[in-house]
Structure formats: structure tokens, C-alpha cells
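**Q** The following block contains the structure, expressed as C-alpha cells.
Protein chains: 2
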Amino acid sequence: MKTDTYVEKEKGLIMAGKREKTREMIIDFSYALFAMKGFKQVTMKDICEVTGMSRGGLYSHFSGTDKLFEAVLERTMGNSAMDFHTEIEKGASAIEILDRALKLMEDEMKHPEDSLSVAIYEYAEMVDSDLIEKLNQNAEKKWKNLITYGMKRGEFCNINVDEIVNVILYSYQGARLWSSIIPMKPKAFHSIANHIKRQLKGEDYDNT
Amino acid sequence: MKTDTYVEKEKGLIMAGKREKTREMIIDFSYALFAMKGFKQVTMKDICEVTGMSRGGLYSHFSGTDKLFEAVLERTMGNSAMDFHTEIEKGASAIEILDRALKLMEDEMKHPEDSLSVAIYEYAEMVDSDLIEKLNQNAEKKWKNLITYGMKRGEFCNINVDEIVNVILYSYQGARLWSSIIPMKPKAFHSIANHIKRQLKGEDYDNT
Numbered sequence: 001m002k003t004d005t006y007v008e009k010e011k012g013l014i015m016a017g018k019r020e021k022t023r024e025m026i027i028d029f030s031y032a033l034f035a036m037k038g039f040k041q042v043t044m045k046d047i048c049e050v051t052g053m054s055r056g057g058l059y060s061h062f063s064g065t066d067k068l069f070e071a072v073l074e075r076t077m078g079n080s081a082m083d084f085h086t087e088i089e090k091g092a093s094a095i096e097i098l099d100r101a102l103k104l105m106e107d108e109m110k111h112p113e114d115s116l117s118v119a120i121y122e123y124a125e126m127v128d129s130d131l132i133e134k135l136n137q138n139a140e141k142k143w144k145n146l147i148t149y150g151m152k153r154g155e156f157c158n159i160n161v162d163e164i165v166n167v168i169l170y171s172y173q174g175a176r177l178w179s180s181i182i183p184m185k186p187k188a189f190h191s192i193a194n195h196i197k198r199q200l201k202g203e204d205y206d207n208t
Numbered sequence: 209m210k211t212d213t214y215v216e217k218e219k220g221l222i223m224a225g226k227r228e229k230t231r232e233m234i235i236d237f238s239y240a241l242f243a244m245k246g247f248k249q250v251t252m253k254d255i256c257e258v259t260g261m262s263r264g265g266l267y268s269h270f271s272g273t274d275k276l277f278e279a280v281l282e283r284t285m286g287n288s289a290m291d292f293h294t295e296i297e298k299g300a301s302a303i304e305i306l307d308r309a310l311k312l313m314e315d316e317m318k319h320p321e322d323s324l325s326v327a328i329y330e331y332a333e334m335v336d337s338d339l340i341e342k343l344n345q346n347a348e349k350k351w352k353n354l355i356t357y358g359m360k361r362g363e364f365c366n367i368n369v370d371e372i373v374n375v376i377l378y379s380y381q382g383a384r385l386w387s388s389i390i391p392m393k394p395k396a397f398h399s400i401a402n403h404i405k406r407q408l409k410g411e412d413y414d415n416t
């Protein structure tokens, strides 16, 4: 009996691992689809097609594209390069955290084809949920923490935290969305990142 | 014969004036519809309904919702409070022009229900046109001119023009679009406007 239980348990663990992997695979494929087509135009049938899964198999993981999109968003927001909290806990340099985050945002802005902006927009329009608001609040909180941390360490200038966080979040959102409808020069993104750095590090403007 | 020609001419002028007024009326109603429903969901039939016009009457002015939306956009962009060129020609104060423009943008951001952001987005996705790009270039040029003008007059600090213009345009776009999907505090808009003013006027940060 003991062996049986053990085998059963092991089987269970393998199954759970497999199930988790399948879930991740669905999220990967869905990310690509949502980035390409937005939210409205993606159906559960599309997801079945790209993943090669049966309808039943897919539905055992996600009850609809709304839940699926929420999983995609939650994973995107948990992106490790943007995990300020862990870095701050480790006592990392605020400037290094900032540089890495801005670099990531700049790279993202150069790839509108990977952007979920349109999908986020359509999702917010169609689904009655406060998820986007929550994600926005999280982003706000995260940035506020980083800037306060950098100021405490004397790495950042003593600036108005709420103001710079709004400038960071909205200029990023604007550039990200705008770049998916018109061709934008990488220089434009770079100059926004530079502006933010200069505000925080307090360097002089250069007129280049 | 002379009288006849005169009468005909006058009739023609009255007709032209009437036609122009009808066109303006169509644009007014359409603006409201596009702001409310976006671009995709507005049909020529909807426009007929709100204006009370016949299909033939409407089509004699606009061949489709794309042309109609372009007329709405062109009129919006020509908004007098944002007409920097005329003000600069008149030798007006750069700070006054800036304050008026930021005030207008801040007011707009508080009224997401009047925003054409979603419609612009949907239009750009559906219609193959470089209108949005052109409008963006115009906005860029307009702001660059104002800032250069203010710098020449010694009203603005000597700052990187391209950089601040990108920050102005994209933070505005981001806040405008974002505010139509999640509730945003007026304070957030105000802080962005303050940031821009402080950059240009060179005042110290206040940590309020």
C-alpha cells in the first residue's frame, strides 16, 4: 500500500508539473497572438489551433480569453528585470535598477509588434474588471518605492516623487501605444529615457 | 440680364454658406459619435440618424466615415488655443502660450469622454493613410517652434528641445488614452503639466 501511495504521489507530481508546463506553453502562444491581433479578435479556437490542443484540454486550463489574457498580463508584469522589490531588498544600487528598467522599456518601445497595449485597451473596454487599474497601481507603487529608495541612498536628487512617476508611466504608455500606429524613431524613445535619467540623477541638460 | 446674374451669384453664395454650415454641423455631430464609440463602430447610417440627414445628402459631403473622421481630426488639430504660430507671429509671450496650451491639455485629459484617442487608434489600424503621422509631425514642429521661440526670448531655459517635445507629446498621449480605460486622478494630469512647466521655466522642484 505504501508503495502504491508513493507511486500515486509521484504520478501526481509529474502530472502537476506537466500541467504547469502546458499552462506556461498556452500563455506563451497566447501572448504572441494577443500582441499580434489585440484582445477582441482572439478566440479560444485560435488558441486551440496554435497550441494544437483540444477544446476540452484548453478549457480545463482557462475558461475564456479573458482569463487567459489576465494570466498573460500577470506574467508580463512579473517580469524579472522590472522586479524592483527583490533588488531593493538585496540592497542593489538604485541607479543600476533604474538603468536596467529604462533599458528594458526602451527595448520594448522599439518592438511594437510585441506590445500588448492594444490588447490591454480592448480588454479594458470589453471586460468589466479592475485588473488594469490594479496593475497600474502596482506599477505606480513600484516606481515610487524605487525613487524613494534612491533618494534615501543619495543616488537620486530630491525630486517630487508623484510627479516623476506620472511622467515615467504616461510617457512610456504614450510612446508604446503611439509606436504601434505610426513609425517612431528609436531616438524618440531614447530621449524620453534620457530625460527620466537626467531628472533622477540631476545631471545638466546637454543640447545635443 | 445683369440683375439675373447678380441674383444667381447671391443665390450661389447663400447656397455655399448653407452648404458650409451643414458640413460643420455634420462634423460637430460626428465628433461626438467618434469620441463615444471609437472609429470602427460608427457607420454612415449612424451619422444620418444623429444629423437627420438623408443618405444622399450626407454622401454629397463625405464619401465615408474615413473622410468624415479626417475632417473631424483636421478641425480638432486647428483648435485656436493651440495655434502657436499665430501667437508667435504676434510676438506673444512664450510663457503665456505655454500656460494656455497646458491648461487646455489638462482640461482635455479630465474629459476622457470627449477624447478621440480610441477613434484615432482604430482609424490608424483600419485606414491606410499617413494622416496620423502627418498630424504627429505637425504637433512636433509646432512645439519645437514654441520652445525655440521661448528660448530665444529668454523666457525658457536652454534645454534639449527634441527631448522635452517627446516628453510633452507622449506623456500627454499616454495620459489621454489611459484615462479612458481606468479612472485617473486630476492630480496626475496636473503633475505632468507642472513637470513640463518647471522644465521650461527652470524653477526648482517643490516636494509637495
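Sequence lines, in order, name chains A and B. Residue numbering for the first sequence follows my numbering, beginning at 1 and increasing consecutively. Residue numbering for the second sequence follows my numbering, beginning at 209 and increasing consecutively. Glycine included, every Cβ here is placed at the ideal spot set by N, Cα and C. Remember, it's a predicted structure, so these values are computed and weren't measured experimentally.
Below 8 Å between beta carbons is the criterion; list the residues of the region 325 to 348 of chain B that meet it against any residue of chain A, in chain order.
**A** From the region 325 to 348 of chain B, only V326, I328, Y329, A332, E333, I340, E341 and N344 have a Cβ closer than 8 Å to chain A.
**Q** Express the C-alpha separation of A300 of chain B and D130 of chain A in angstroms, rounding to a whole number.
**A** In the first sequence, the residue the question calls residue 130 of chain A occupies position 130. In the second sequence, the residue the question calls residue 300 of chain B occupies position 92. Going from the Cα of D130 of chain A to the Cα of A300 of chain B covers about 46 Å.
**Q** Helix, strand or coil for Q41 of chain A, going by three-state DSSP, please let me know.
**A** As a first step, residue 41 of chain A must be located in the first sequence, where it is residue number 41. Coil.
**Q** Using Cβ-Cβ distances below 8 Å, what residues of the region 162 to 175 of chain A are close to chain B?
**A** If the cut-off is 8 Å between Cβ atoms, the region 162 to 175 of chain A has D162, E163, I164, N166, V167, L169, Y170, S171, Y172, Q173, G174 and A175 near chain B.
**Q** Using CA atoms only, rank isn't needed, just tell me which of A:I88, A:L135 and A:M105 is closest to L73 of chain A.
**A** The count along the first sequence starts at 1 and reaches residue 73 of chain A at position 73. Comparing Cα-Cα distances from L73 of chain A to each of A:I88, A:L135 and A:M105, the minimum goes to A:L135.
**Q** Kindly indicate if chain B contains any beta-carbon less than 8 Å away from that of A188 of chain A.
**A** Position 188 of the first sequence, counting from 1, holds the residue named residue 188 of chain A. It does: the Cβ of A188 of chain A has a partner Cβ on chain B nearer than 8 Å.
**Q** Classify V373 of chain B: buried if its beta carbon has 16 or more other beta carbons within 10 angstroms, exposed otherwise.
**A** Along the second sequence, one-based indexing puts residue 373 of chain B at 165. Under this definition V373 of chain B is a buried residue.
**Q** Look at the Cβ atom of I168 of chain A, then the Cβ atom of W143 of chain A, and state whether they are nearer than 8 Å.
**A** The residue given as residue 168 of chain A occupies position 168 in the first sequence. The residue given as residue 143 of chain A occupies position 143 in the first sequence. Yes, they are a contact pair.
**Q** With C-beta atoms as the reference, is S379 of chain B less than 8 Å away from S171 of chain A?
**A** Along the second sequence, read from residue 1 onward, the residue named residue 379 of chain B stands at position 171. Along the first sequence, read from residue 1 onward, the residue named residue 171 of chain A stands at position 171. Yes, Cβ-Cβ distance for S379 of chain B and S171 of chain A is below 8 Å.
**Q** Closer than 9 Å, Cβ to Cβ, to anything on chain A: give me those residues from the region 300 to 320 of chain B, in chain order.
**A** Answer set for the region 300 to 320 of chain B: empty.
**Q** Could you check the C-alpha separation between L385 of chain B and L102 of chain A for me, to the nearest Å?
**A** The count along the second sequence starts at 1 and reaches residue 385 of chain B at position 177. The count along the first sequence starts at 1 and reaches residue 102 of chain A at position 102. Each residue's Cα considered, the two are about 22 Å apart.
**Q** Let me check understanding here. Comparing Cα to Cα, which of A:G150, A:D162 and A:V127 lies closest to S399 of chain B?
**A** For the purposes of this step, residue 399 of chain B is identified with residue 191 of the second sequence, where counting begins at 1. When only C-alpha atoms are compared, the closest one is A:D162.
**Q** Does A324 of chain B come out as helix, strand or coil in the three-state DSSP assignment?
**A** For the purposes of this step, residue 324 of chain B is identified with residue 116 of the second sequence, where counting begins at 1. The displayed chain sequence assigns Leu, not Ala, to residue 324 of chain B. Looking at L324 of chain B - three-state DSSP - the assignment turns out to be coil, as it is neither helix nor strand.
**Q** Looking at the C-beta of I222 of chain B, does it have a partner C-beta in chain A at a distance below 8 Å?
**A** Position 14 of the second sequence, counting from 1, holds the residue named residue 222 of chain B. Closer than 8 Å: no.
**Q** Any beta-carbon of chain A closer than 8 Å to the one on N415 of chain B?
**A** Counting from 1 along the second sequence, the entry for residue 415 of chain B is found at position 207. Here N415 of chain B scores only 38 on pLDDT, less than 50, and its place in the model is too uncertain to base an answer on.
**Q** On the criterion of 16 or more Cβ atoms from any shown chain inside 10 Å, does S60 of chain A qualify as buried, or is it exposed?
**A** Locating residue 60 of chain A in the first sequence gives position 60, where the first residue counts as 1. With fewer than 16 other Cβ atoms within 10 Å, it is exposed.
**Q** By the 10 Å Cβ neighbour count, where 16 or more other Cβ atoms means buried, how is L408 of chain B classified, buried or exposed?
**A** Position 200 of the second sequence, counted from the start, is the residue given in the question as residue 408 of chain B. Buried: at least 16 other Cβ atoms inside 10 Å.
**Q** Would you decide whether G264 of chain B is buried or exposed? Buried here means 16 or more other CB atoms lie within 10 Å of its CB.
**A** Within the second sequence, numbered from 1, the residue matching residue 264 of chain B stands at position 56. Classification for G264 of chain B: exposed.
**Q** Find the nearest neighbour of S180 of chain A within the set A:R75, A:V7, A:M109 and A:M25, judged by alpha-carbon distance.
**A** For the purposes of this step, residue 180 of chain A is taken as residue 180 along the first sequence, with counting starting at 1. Looking at the Cα atoms, A:M109 is the closest of the given residues.
**Q** Buried or exposed for I147 of chain A, please, with buried defined as at least 16 other CB atoms from any protein chain shown within 10 angstroms of its CB.
**A** The residue labelled residue 147 of chain A in the question sits at position 147 within the first sequence. Under this definition I147 of chain A is a buried residue.
**Q** So, is D412 of chain B buried or exposed, given that buried needs 16 or more other C-beta atoms within 10 angstroms?
**A** In the second sequence, the residue the question calls residue 412 of chain B occupies position 204. At D412 of chain B, the pLDDT of 48 sits below 50, so the modelled position is not reliable; the number obtained from the coordinates is stated separately. Under this definition D412 of chain B is an exposed residue.
**Q** Just to confirm my understanding: we take I196 of chain A, look at its own chain, exclude 5 residues before and 5 after, and list those with CB closer than 6 Å. What are they?
**A** In the first sequence, counting from the first residue as 1, residue 196 of chain A sits at position 196. So the qualifying residues of the chain are I168.
**Q** Taking Cβ positions, are Q173 of chain A and G382 of chain B nearer each other than 8 Å?
**A** Taking the first sequence and counting its residues from 1, the one referred to as residue 173 of chain A is at position 173. Taking the second sequence and counting its residues from 1, the one referred to as residue 382 of chain B is at position 174. Against a cut-off of 8 Å, the Cβ pair of G382 of chain B and Q173 of chain A comes out as a contact.
**Q** For chain A, find out if any of its Cβ atoms is closer than 8 Å to the Cβ of L385 of chain B; answer yes or no.
**A** For the purposes of this step, residue 385 of chain B is taken as residue 177 along the second sequence, with counting starting at 1. Answer yes: the Cβ-Cβ gap between L385 of chain B and chain A drops below 8 Å somewhere.
**Q** Under 8 Å, Cβ to Cβ, is there at least one residue of chain A near I400 of chain B?
**A** Here residue 400 of chain B corresponds to residue number 192 of the second sequence, with the count starting at 1. It does; some Cβ of chain A falls within 8 Å.
**Q** If we ignore side chains and look at the alpha-carbon of each, how far apart do T208 of chain A and R198 of chain A end up?
**A** Within the first sequence, residue 208 of chain A is the residue found at index 208, counting from 1. Within the first sequence, residue 198 of chain A is the residue found at index 198, counting from 1. At T208 of chain A, the pLDDT of 36 sits below 50, so the modelled position is not reliable; the number obtained from the coordinates is stated separately. Those two C-alpha atoms are separated by around 14 Å.
**Q** My parser needs the alpha helix (DSSP H) runs of 4 or more residues fully inside the region 268 to 351 of chain B; what are they?
**A** If we require 4 residues or more, the alpha helix (DSSP H) runs fully inside the region 268 to 351 of chain B come out as 273 to 285, 292 to 297, 302 to 317 and 325 to 334.
**Q** Does DSSP classify R384 of chain B as helix, strand or coil?
**A** Counted from its first residue, the second sequence places residue 384 of chain B at position 176. Three-state result, R384 of chain B: helix.
**Q** Checking contacts by CB at 8 Å: is I147 of chain A closer than that to chain B?
**A** On the first sequence, position 147 is the one that residue 147 of chain A refers to. False, the Cβ-Cβ gap to chain B never drops below 8 Å.
**Q** Can you have a look at Y214 of chain B and say buried or exposed, based on whether 16 or more other CB atoms are within 10 angstroms of its CB?
**A** In the second sequence, the residue the question calls residue 214 of chain B occupies position 6. When all chains shown are included, Y214 of chain B counts as exposed.
**Q** With C-beta atoms as the reference, is A139 of chain A less than 8 Å away from F39 of chain A?
**A** Your numbering for residue 139 of chain A matches position 139 in the first sequence. Your numbering for residue 39 of chain A matches position 39 in the first sequence. No; because the gap between Cβ atoms is not below 8 Å, this pair is not in contact.
**Q** What does the Cβ neighbour count give for I222 of chain B, buried or exposed, with the cut at 16 atoms within 10 Å?
**A** Working through the second sequence from its first residue, we reach residue 222 of chain B at position 14. Exposed, by the Cβ-count rule.
**Q** Just to confirm the assignment, what range does the alpha helix (DSSP H) spanning P183 of chain A have?
**A** Indexing the first sequence from 1 puts residue 183 of chain A at position 183. Premise fails: P183 of chain A is in no alpha helix (DSSP H) and is neither H nor E.
**Q** Any chance you could list the beta strand (DSSP E) runs of at least 3 consecutive residues sitting entirely within the region 12 to 57 of chain A, in chain order?
**A** With a minimum length of 3 residues, no continuous beta strand (DSSP E) run stays inside the region 12 to 57 of chain A.
**Q** Please decide whether T65 of chain A counts as near chain B, where near means a Cβ-Cβ distance under 8 Å.
**A** Residue 65 of chain A sits at position 65 when you count from the first residue of the first sequence. So no, T65 of chain A is outside the interface.
**Q** For H195 of chain A, which residues in chain B fall below 7 Å Cβ to Cβ?
**A** If you number the first sequence from 1, residue 195 of chain A lands on position 195. The answer, in chain order, is E371 and V375.
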